[in-house]
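All residue numbers for the sequence shown refer to this note's numbering, where the first residue is 13 and numbers rise by one.
We put the beta carbon where it would ideally sit given N, CA and C, even for glycine.
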Amino acid sequence: MVGETSIIALPAFLAATKLYYQGHESLSIALASGCLISLLPLPVKRIPFTTTDMYRIERMKDQGIVPGILLIPFVLSACLVQLESLGGDPSLKQYIVLLLCINICMSVPKVLLTVKFKGVWTLGLVPLLAGVLGGAMYELRGLNNSSLLSFELIVGLLCVSTLLSAVSVVHIVHTLKRCFTSGEAMIMSDMLVLFTLDALFATLEKMSPTHILQILSIPRIPIHIMSQALILGMILIGFLSYPILSNIPSLSAKGAKVNPQTIRLSVLFYAVAAAVVLVIIRPWAILILTEDPFLWLIQFIIEKPINRLGLLVYWALIVMIGVFFAVQNFGAEITENEVKDKSKKGLTYLNFKRKYFHALAVAMFLPGYLVDNDLMHLSFSVALSALILVEYIRVFNVWPIGKDVAGFLRGFLDKKDRGVFILSHLYLLIGCALPVWINRITTASATFHGVYGIITLGIADAAASIVGYKYGKNRWPSSTKTIEGTIAFVASMFGTCVLLEAVLGGEGRVLQQFGVALISGLLEAVRSVVNYL
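Now the structure itself:
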């Protein structure tokens with residue numbers, strides 16, 4: 013969609029301009045060339061080796077390929093711009109440059125594989141792709157000239173990362189059928205590949221006694237290492253236990269009574285999960301942290317006992333009260349009539365139930381970040397890994413709670429949750445967590461940038477949805493979103509930002525806050541990927 017592309021491309025152009033004046037001319041050219049490619053009216057096609065019925069949305073115009081390609085490079089560029097502005101650690105800046113160049117090079121095959129080479133506009137694609145690839149390679153050449161990275165290793169990294177990206181995006185679409193659009197699959201693939209590469213780089217740094225790979229020697233914060241262990245570990249658990257999990261649903265479907273084989277396979281799944289944690293994840297964390305992760309966690313909590321123990325108790329109370337209220341008022345199961353109720357009243361009620369969890373997110377995450385941003389950083393990782401585990405249990409009906417979890421969550425689904433996995437709650441959590449995780453890369457203190465995700469999804473998105481469903485009458489062109497909902501989004505986000513900045517003693521950048529709220533509201537109105545991302 014033209015509107016979405018323009019809204020994403022404009023900030024990316026601004027980031028490219030900023031990088032140019034900060035001395036990263038080659039990166040600036042690469043990013044600007046990518047933005048120009050996104051503005052070309054090129055016809056697109058499906059990701060190779062996939063079929064239409066594998067996607068969450070069948071229409072190609074709604075696949076969100078442009079944000080899927082541009083979003084991660086833009087986020088990394090913003091990190092680099094902020095690091096340069098704050099005078100951050102030089103080694104960390106060089107490391108971000110490396111990841112950004114790798115990600116930019118990963119985007120080139122995606123463009124080639126998803127663009128139909130028809131029409132006169134494809135003539136402009138070749139020089140722009142040359143600008144993307146050439147700019148990234150020239151920036152990497154600078155790392156090679158400074159003896160931080162050999163040319164052979166650069167080529168190897170680019171080949172491996174590009175192959176991983178291509179394979180992972182196809183695998184994601186195949187495995188998680190009807191869960192993603194093309195753009196969403198690309199975003200998740202890029203995040204997963206970069207997260208895995210970073211873990212690999214951390215391992216190589218520790219295993220290289222002579223520290224040949226100087227660029228990998230960066231200050232790594234322990235909470236980031238723990239996050240990698242939790243999230244990548246949970247994904248590894250799913251991968252290794254899939255042969256076990258895939259046999260459980262067929263056994264569970266044979267009758268209402270629990271099959272003894274189902275119990276045995278479920279216990280075996282839990283055993284595999286425990287073995288992965290103890291045999292693979294824990295030793296890796298010990299290697300990187302240089303101490304036992306469980307002991308580190310205890311020390312981390314008692315380092316600030318009042319704040320951290322107090323927050324843990326507060327979160328436990330919020331979760332218990334919130335889930336109890338949901339079960340009592342929304343019910344653990346829904347009837348067939350409720351599923352088929354497509355009236356405005358029925359959709360409004362379903363929307364209210366879904367946005368109830370947005371309110372819980374704000375009640376938990378906003379105080380948590382303001383009181384202790386490091387604990388919030390780690391807690392997001394714990395929560396994400398726990399939700400992934402819950403999805404394993406729900407999808408494969410793992411004994412003893414798989415059926416109950418599936419019944420409870422069924423009451424909160426809408427048309428976007430048609431795939432194998434229910435991803436809305438994962439997207440909500442990731443959308444709130446990403447600004448917290450990214451902000452921690454550039455600064456140790458809790459800054460206003462870290463709460464943008466919580467405000468955008470927890471408050472603004474909920475306000476837009478509720479107002480749009482109840483009062484919305486005027487729709488945006490080529491969108492189901494209403495203008496009334498967008499006004500509610502912008503007003504609630506802007507008001508919350510101004511109020512929160514006043515409480516935190518910020519710089520009073522009212523015009524900047526309004527600009528952020530306006531761009532976010534417009535993007536929410538025209539987006540083709542899940543707006544939590």
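What did DSSP end up calling Thr455 once you bin it into helix, strand or coil?
As a first step, residue 455 is located in the sequence shown; it is residue number 443 there, counting from the start. DSSP places Thr455 outside both helix and strand once states are collapsed to three, so it counts as coil.
Quick one: Cα of Thr193 to Cα of Val78, how far?
Sequence index remark: in the sequence shown, residue 193 carries index 181 (1-based). Sequence index remark: in the sequence shown, residue 78 carries index 66 (1-based). Distance between the alpha carbons of Thr193 and Val78: 12 Å.
Should Phe408 be labelled buried (16 or more other beta-carbon atoms within 10 Å of its own) or exposed?
Here the question's residue 408 lines up with position 396 in the sequence shown. Phe408 is buried by the Cβ-count criterion.
Among the residues of its own chain, which have a CB less than 8 Å from the CB of His370, if the five just before and after it don't count?
For the purposes of this step, residue 370 is taken as residue 358 along the sequence shown, with counting starting at 1. Leu440, Leu469, Gly470, Ile471, Asp473 and Ala474, listed in sequence order.
Secondary structure at Val270, three-state DSSP: helix, strand or coil?
For the purposes of this step, residue 270 is taken as residue 258 along the sequence shown, with counting starting at 1. In the structure shown, Val270 sits in coil (DSSP, three-state: anything other than H, G, I, E or B).
Those runs of the alpha helix (DSSP H) which lie wholly inside the region 269-313 and span at least 4 residues
Correct list: 272-288 and 294-301.
To test your reading of the DSSP string, which unbroken alpha helix (DSSP H) runs of 4 or more residues are found completely within the region 60-126?
Contiguous alpha helix (DSSP H) elements confined to the region 60-126 occur at 77-98 and 102-126, taking only those with 4 or more residues.
Counted within 10 angstroms of its Cβ, other Cβ atoms place Asn385 as buried (16 or more) or exposed
Within the sequence shown, numbered from 1, the residue matching residue 385 stands at position 373. Asn385 comes out buried.
Outcome for Pro447 when other beta-carbon atoms lying within 10 angstroms are tallied against a minimum of 16
Taking the first residue of the sequence shown as position 1, residue 447 is located at position 435. By the neighbour-count rule (16 or more Cβ atoms within 10 Å), Pro447 is buried.
Option nearest Ala328 by Cα separation, candidates Pro305, Gly131, His186 and Phe377
Position 316 of the sequence shown, counted from the start, is the residue given in the question as residue 328. For Ala328, the nearest C-alpha among the options comes from Phe377.
Ser404 and Leu257: beta carbons closer than 8 Å?
For the purposes of this step, residue 404 is taken as residue 392 along the sequence shown, with counting starting at 1. For the purposes of this step, residue 257 is taken as residue 245 along the sequence shown, with counting starting at 1. Checking the sequence shown, residue 404 turns out to be Tyr, not Ser. A contact, by the Cβ cut-off of 8 Å.
Relative to the C-alpha of Glu536, which residue among Thr508, Val515, Gly497 and Phe506 is closest?
Residue mapping note: residue 536 aligns to position 524 of the sequence shown, counting from 1. Ranking the options by Cα distance to Glu536, first place goes to Gly497.
Which residue comes first and which comes last in the alpha helix (DSSP H) that contains Lys218?
As a working mapping, residue 218 is identified with position 206 in the sequence shown. Where Lys218 is concerned, the enclosing alpha helix (DSSP H) stretches over Ser194 to Met219.
What does a CB cutoff of less than 7 Å around Phe337 pick up in its chain, not counting 5 residues either side in sequence?
Locating residue 337 in the sequence shown gives position 325, where the first residue counts as 1. Around Phe337: no qualifying Cβ.
Does the Cβ of Tyr282 have 16 or more other Cβ atoms within 10 Å, making it buried, or fewer, making it exposed?
The count along the sequence shown starts at 1 and reaches residue 282 at position 270. Around the CB of Tyr282, fewer than 16 other CB atoms lie within 10 Å, so the residue is classed as exposed.
Pop quiz: Gly80 and Glu196 are said to be a contact at Cβ under 8 Å. What is the actual Cβ separation, rounded to whole angstroms?
Translated into positions along the sequence shown, residue 80 becomes position 68. Translated into positions along the sequence shown, residue 196 becomes position 184. Correct: roughly 7 Å between the Cβ atoms.
For Val410, does the three-state DSSP call read helix, strand or coil?
In the sequence shown, counting from the first residue as 1, residue 410 sits at position 398. Val410 falls in the coil class under three-state DSSP.
Is the beta carbon of Val205 closer than 8 Å to that of Ile59?
Walking along the sequence shown from the start, residue 59 turns up at place 47. Walking along the sequence shown from the start, residue 205 turns up at place 193. Note that the C-beta distance between Ile59 and Val205 is not below 8 Å.
Assuming contact is defined by CB atoms lying nearer than 8 Å, are Thr454 and Gly99 in contact in what I supplied?
Mapped onto the sequence shown, residue 454 falls at position 442. Mapped onto the sequence shown, residue 99 falls at position 87. A distance of 8 Å or more separates the beta carbons of Thr454 and Gly99.
What number of angstroms, rounded off, separates the C-alpha of Arg452 from the C-alpha of Tyr381?
Locating residue 452 in the sequence shown gives position 440, counting from the first residue. Locating residue 381 in the sequence shown gives position 369, counting from the first residue. Annotation: Arg452 to Tyr381 spans about 11 Å, alpha carbon to alpha carbon.
Helix, strand or coil for Arg487? Go by DSSP, reduced to three states.
Here residue 487 refers to the residue found at position 475 of the sequence shown. Here Arg487 sits in strand by DSSP.
Going by other Cβ atoms of all chains shown within 10 Å of its Cβ, with 16 needed for buried, is Asn341 buried or exposed?
Residue mapping note: residue 341 aligns to position 329 of the sequence shown, counting from 1. Exposed, because fewer than 16 other Cβ atoms sit within 10 Å of the Cβ of Asn341.
Opening and closing residue of the alpha helix (DSSP H) in which Gly245 lies
Numbered from its first residue, the sequence shown carries residue 245 at position 233. Its alpha helix (DSSP H) spans residues Pro234 to Leu257.
Determine the closest residue to Gln525 out of Phe460, Met200 and Ile300, with distance taken between C-alpha atoms.
Along the sequence shown, read from residue 1 onward, the residue named residue 525 stands at position 513. Nearest of Phe460, Met200 and Ile300 to Gln525, Cα basis: Phe460.
Of all Cβ atoms in chain C, is any one closer than 8 Å to the Cβ of Ala287?
Among the chains of the structure shown, chain C does not appear; only one protein chain is present.
In terms of residue numbering, what span does the alpha helix (DSSP H) encompassing Cys47 cover?
Counted from its first residue, the sequence shown places residue 47 at position 35. Run containing Cys47: Glu37 to Leu51, per the alpha helix (DSSP H) assignment.
Quick one, are the C-beta atoms of Ile478 and Lys367 less than 8 Å apart?
Here residue 478 corresponds to residue number 466 of the sequence shown, with the count starting at 1. Here residue 367 corresponds to residue number 355 of the sequence shown, with the count starting at 1. Yes, the Cβ-Cβ distance between Ile478 and Lys367 is below 8 Å.
Proximity below 8 Å, CB of Leu242 to CB of Ser397
Looking up residue 242 in the sequence shown gives position 230. Looking up residue 397 in the sequence shown gives position 385. Yes, these two residues count as a Cβ contact at 8 Å.
Ordered along the chain, which non-local residues of its own chain (more than five positions away) have a Cβ less than 7 Å from that of Thr134?
Your numbering for residue 134 matches position 122 in the sequence shown. So the qualifying residues of the chain are Leu54.
For Val432, the three-state DSSP class (helix, strand or coil):
Counted from its first residue, the sequence shown places residue 432 at position 420. It is coil, neither helix nor strand.
Leu228 classed as buried or exposed, judged by whether at least 16 other C-beta atoms fall within 10 angstroms
Walking along the sequence shown from the start, residue 228 turns up at place 216. The residue is buried, with at least 16 neighbouring Cβ atoms inside 10 Å.
To the nearest angstrom, how far is the alpha carbon of Glu315 from that of Ala214?
Residue mapping note: residue 315 aligns to position 303 of the sequence shown, counting from 1. Residue mapping note: residue 214 aligns to position 202 of the sequence shown, counting from 1. Their backbone Cα atoms lie some 25 Å apart in a straight line.
Going by alpha carbons, who is nearest to Leu22 out of Leu31, Phe501, Ala44 and His36?
What you label residue 22 is simply residue 10 of the sequence shown in a count that begins at 1. Among Leu31, Phe501, Ala44 and His36, the Cα nearest to that of Leu22 belongs to Ala44.
Indicate the three-state DSSP secondary structure (helix, strand or coil) for Thr494 in the structure shown.
Numbered from its first residue, the sequence shown carries residue 494 at position 482. If DSSP states are grouped into helix, strand and coil, Thr494 belongs with the strands.
What does DSSP give as the partner residue(s) for Val56 in the beta ladder?
One-based indexing of the sequence shown puts residue 56 at position 44. Answer by DSSP bridge pairing, in chain order: Val127.
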